[in-house]
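Scroll down for the structure; my scribbles are underneath it.
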Amino acid sequence: MTSSLLGMVCPSCRVALVMSERQGIEIDYCPQCRGVWLDRGELDKIIERSGRDTSPAPQPQPAAFSPPPRGRDRDDDYSRSHGHRYPKRKKSFFEELFD
55 MTSSLLGMVC PSCRVALVMS ERQGIEIDYC PQCRGVWLDR GELDKIIERS GRDTSPAPQP
115 QPAAFSPPPR GRDRDDDYSR SHGHRYPKRK KSFFEELFD
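Below, the structure is given as structure tokens:
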């Protein structure tokens, strides 16, 4: 059942809880204090799914040769100052859950 049908309120601040569904799991949260409440079994589902998502990434194979070092380009400073230094990593289940 959803929290809106039951009229559930946050035990901390007495505000109506909002239901959100993330990856098939219904999560009740308070929009004011950001508290999260789970129904029975939902925490187990989250733990189970997060265990599957945290498999170690395969190690990159070393190159057979290394390219010659390149000189400094004008755009080196630009890319560093605009956050293009590292590739964006995949969000974990918990990060995506509370996003």
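Under our numbering, read the sequence shown as residues 55 to 153, first letter to last.
Just so you know, even glycine gets a beta-carbon here, dropped at the ideal spot from N, CA and C.
It should be emphasised that the depicted structure is a prediction, and the values quoted were computed from it without experimental measurement.
At a Cβ-Cβ threshold of 7 Å, C84 and L71 count as neighbours. With a 10 Å radius around the Cβ and a threshold of 16 neighbouring Cβ atoms, I101 comes out exposed. Inter-residue distance for G95 and C64 is about 20 Å (C-alpha atoms, whole angstroms).
Within the same chain, S104 come within 7 Å of F148 by CB-CB distance, once the 5 residues on both sides are set aside.
For the pair E80 and G89, the Cα-to-Cα distance works out to about 14 Å. Q115 has its alpha-carbon roughly 36 Å from the corresponding atom of G78.
In the DSSP annotation of this structure, R68 is not part of any beta strand (DSSP E), being labelled neither H nor E.
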